[in-house]
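Chemist: Chains A and B, in that order, give the protein sequences. Each number in our numbering corresponds to the 1-based position in the first sequence with 3 added. Each number in our numbering corresponds to the 1-based position in the second sequence with 3 added. Beta carbons: idealized from backbone N, C-alpha and C, even for Gly.
Number of protein chains: 2
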Amino acid sequence: MALMPIFALMQFTSQIVEQAVEALSSFPGIGKRTALRLVMYLMNRPEIEVTHLADALIKLKTELHLCKRCGTVSDQEYCDICRDPRRDETLICVVEDFSDLMAIEATAQFKGTYHVLGGLISPMEGIGPSDLNIEAILQRVKEEGPKEVILALSATVEGDTTLYYVAKKLNEFDVVVSNIARGISVGGELEYVDEITLGRSLLQRTQYTIN
Amino acid sequence: MALMPIFALMQFTSQIVEQAVEALSSFPGIGKRTALRLVMYLMNRPEIEVTHLADALIKLKTELHLCKRCGTVSDQEYCDICRDPRRDETLICVVEDFSDLMAIEATAQFKGTYHVLGGLISPMEGIGPSDLNIEAILQRVKEEGPKEVILALSATVEGDTTLYYVAKKLNEFDVVVSNIARGISVGGELEYVDEITLGRSLLQRTQYTIN
Numbered sequence: 004m005a006l007m008p009i010f011a012l013m014q015f016t017s018q019i020v021e022q023a024v025e026a027l028s029s030f031p032g033i034g035k036r037t038a039l040r041l042v043m044y045l046m047n048r049p050e051i052e053v054t055h056l057a058d059a060l061i062k063l064k065t066e067l068h069l070c071k072r073c074g075t076v077s078d079q080e081y082c083d084i085c086r087d088p089r090r091d092e093t094l095i096c097v098v099e100d101f102s103d104l105m106a107i108e109a110t111a112q113f114k115g116t117y118h119v120l121g122g123l124i125s126p127m128e129g130i131g132p133s134d135l136n137i138e139a140i141l142q143r144v145k146e147e148g149p150k151e152v153i154l155a156l157s158a159t160v161e162g163d164t165t166l167y168y169v170a171k172k173l174n175e176f177d178v179v180v181s182n183i184a185r186g187i188s189v190g191g192e193l194e195y196v197d198e199i200t201l202g203r204s205l206l207q208r209t210q211y212t213i214n
Numbered sequence: 004m005a006l007m008p009i010f011a012l013m014q015f016t017s018q019i020v021e022q023a024v025e026a027l028s029s030f031p032g033i034g035k036r037t038a039l040r041l042v043m044y045l046m047n048r049p050e051i052e053v054t055h056l057a058d059a060l061i062k063l064k065t066e067l068h069l070c071k072r073c074g075t076v077s078d079q080e081y082c083d084i085c086r087d088p089r090r091d092e093t094l095i096c097v098v099e100d101f102s103d104l105m106a107i108e109a110t111a112q113f114k115g116t117y118h119v120l121g122g123l124i125s126p127m128e129g130i131g132p133s134d135l136n137i138e139a140i141l142q143r144v145k146e147e148g149p150k151e152v153i154l155a156l157s158a159t160v161e162g163d164t165t166l167y168y169v170a171k172k173l174n175e176f177d178v179v180v181s182n183i184a185r186g187i188s189v190g191g192e193l194e195y196v197d198e199i200t201l202g203r204s205l206l207q208r209t210q211y212t213i214n
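1) Helix, strand or coil: how does DSSP classify residue 44(A) here?
2) So if DSSP puts residue 77(A) in a beta bridge, which residue, or which two residues, is it bridged to?
3) Cα separation between residue 88(B) and residue 115(B)?
4) Give the C-beta separation of residue 100(A) and residue 119(A) to the nearest angstrom, bearing in mind that I take them to be a contact with Cβ-Cβ under 8 Å.
5) Below 8 Å CB to CB, which residues in the same chain sit around residue 162(B) once its five sequence neighbours on both sides are set aside?
6) Cβ atoms of residue 57(A) and residue 61(B): under 8 Å apart, would you say?
7) Let me confirm a value: residue 71(B) is counted as buried when at least 16 other C-beta atoms fall within 10 Å, else exposed. Which label applies?
8) How big is the Cα-Cα spacing for residue 200(B) and residue 29(A)?
9) Going by CA-CA distance only, name the one from 205(B), 77(B), 185(B), 26(B) that's closest to residue 158(B).
10) Tell me, please, whether the CB atom of residue 167(B) is closer than 8 Å to any CB atom in chain A?
11) Can you tell me where the alpha helix (DSSP H) with residue 166(A) in it begins and where it stops?
12) How many angstroms separate the CA atom of residue 222(B) from the CA atom of residue 167(B)?
13) Using a Cβ-Cβ cut-off of less than 7 Å, give me the residues of the segment 41 to 52 of chain B that come near chain A, in sequence order.
14) Within this structure, are the beta carbons of residue 113(A) and residue 85(A) separated by less than 8 Å?
15) Taking the beta carbon of residue 195(A) as the centre, do at least 16 other beta carbons fall within 10 Å, making it buried, or is it exposed?
16) Please return the same chain residues whose Cβ sits closer than 6 Å to the Cβ of residue 215(B), not counting the five positions on each side in sequence.
17) Give me the chain B residues within the contact set of residue 71(A), using Cβ-Cβ distance strictly less than 9 Å, ordered along the chain.
18) Taking only beta carbons into account, state which residues of the segment 125 to 142 of chain B come closer than 7 Å to chain A, listed in chain order.
19) Using C-beta distances below 7 Å, list every residue in its chain close to residue 24(B), excluding the 5 sequence neighbours before and after it, in chain order.
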């Protein structure tokens, strides 16, 4: 494998290999070179392993649901978190997608429920509020009457736009709306923090008490 | 997606997603983080595209042949190159695997046929001559009586070991055995070439004639 093909002239001796390379290289971040390496790897794996992989991918399209309440991916009508009686239903954390949900779950700091928007408002990409799961969170607040809605969105232009839009809509209800703290990262050295983050962390300083 | 999960505590709300991530992260060079990104990408693709990918992968195990003559991957009993009457059958180029074959095809400098070893001799990895497609090349030389066998193997310890072994075996037959040239790369600046390569390129210098 030390001699690597010049792919402008990629000539396959097998259509089957070519199709597999084409299909894998449609993934974001996977070029033909990497795809070919993956194909060569798969060719040497047992058939059952390859079948298992193929099945797992197909199930993503055929068996996956979106939770009817919070909108996260789920194997059932309602997700594990929404069905868990130990979760605090008076606290809803709004996130962009299920990987952000997983990130928050991984902190083990949140015991409420979630609401997945399925994206962020982005005029650049043509994504407006109606393309997102926003109406459902308003409906949920109206019906469930939670105490607080935490908006846990990325600190980007799209995140801030969505934050503003959703917060404004939620203000119509009798619910506390909060935003996750922005400041210097834990372990971050001050001199390397960008000035915008550092400026915000000064403005949004918290009182430090010794108990 | 800016908040990324800490995967030590990766908690999925869906087994289907988890299985797909597990299956994809078994690929070499693909970690769970990348696998999750690929899964999220696939979830947003049309079902037909995902099915197509899954089929392409399964076919790698169920429909792929090794050419009965040269050992490269093929959709049929004999590969396109072996079935092509325009290829020079008196010239056989021995390569490690089909991606090296593709690399040579891409140069458009070779019009003979190939022989794919399926690996290199590597005592470190426990790969001996009997694990490779070496007996078949000897048999082919005996039966087909080619003029020349070109050994086009990587310039590594494993490549050199295999080169020596195969060349020694081929010496028993009335056939010219050659090795691809090793020297400085085209476009390579002399001062950056490693000393072993530069030394070889001096010893194996070729006469330069102006016609």
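Modeler: Inspection of the coordinates gives the following:
1) Start at 1 with the first residue of the first sequence, and residue 44(A) comes out as number 41. DSSP places residue 44(A) in helix when its eight states are reduced to three.
2) Counted from its first residue, the first sequence places residue 77(A) at position 74. Answer is 68(A).
3) Mapped onto the second sequence, residue 88(B) falls at position 85. Mapped onto the second sequence, residue 115(B) falls at position 112. Residue 88(B) and residue 115(B): Cα-Cα distance of roughly 10 Å.
4) Sequence index remark: in the first sequence, residue 100(A) carries index 97 (1-based). Sequence index remark: in the first sequence, residue 119(A) carries index 116 (1-based). That pair is a contact at about 6 Å.
5) In the second sequence, residue 162(B) corresponds to position 159, counting from 1. In chain order, 99, 123, 156 place their CB closer than 8 Å to the CB of residue 162(B), counting only its own chain and leaving out the 5 sequence neighbours on each side.
6) Numbered from 1 along the second sequence, position 58 holds the residue referred to as residue 61(B). Numbered from 1 along the first sequence, position 54 holds the residue referred to as residue 57(A). Cβ atoms of residue 61(B) and residue 57(A): closer than 8 Å.
7) Within the second sequence, numbered from 1, the residue matching residue 71(B) stands at position 68. Only exposed fits residue 71(B), as fewer than 16 other CB atoms lie within 10 angstroms of its CB.
8) Residue 200(B) sits at position 197 when you count from the first residue of the second sequence. Residue 29(A) sits at position 26 when you count from the first residue of the first sequence. Spanning the two alpha carbons is a distance of roughly 38 Å.
9) Within the second sequence, the letter at position 155 stands for residue 158(B). Comparing Cα positions, the closest option is 185(B).
10) Position 164 of the second sequence, counted from the start, is the residue given in the question as residue 167(B). It does not; no Cβ of chain A falls within 8 Å.
11) Against the first sequence, residue 166(A) aligns to sequence position 163. From DSSP, the alpha helix (DSSP H) with residue 166(A) extends over 160 to 173.
12) Chain B is shown from 4 up to 214; residue 222(B) falls before or after that span and cannot be answered.
13) Listed by position, the residues of the segment 41 to 52 of chain B near chain A (Cβ gap below 7 Å) are 41, 42, 43, 44, 45, 46, 50.
14) The residue given as residue 113(A) occupies position 110 in the first sequence. The residue given as residue 85(A) occupies position 82 in the first sequence. At the C-beta level, residue 113(A) and residue 85(A) stay beyond 8 Å of one another.
15) Sequence index remark: in the first sequence, residue 195(A) carries index 192 (1-based). With fewer than 16 Cβ atoms within 10 Å of its Cβ, residue 195(A) is classed as exposed.
16) The structure shown does not extend to residue 215(B), since chain B spans only 4 to 214, so no value can be given for it.
17) If you number the first sequence from 1, residue 71(A) lands on position 68. Near residue 71(A) there are no residues of chain B at all, since even the closest Cβ is about 13 Å away, more than 9 Å.
18) Along the segment 125 to 142 of chain B, there is no position whose C-beta sits under 7 Å from a C-beta of chain A.
19) Taking the second sequence and counting its residues from 1, the one referred to as residue 24(B) is at position 21. Excluding residues within five positions, the ones whose Cβ falls inside 7 Å are 35, 38, 39, 42.
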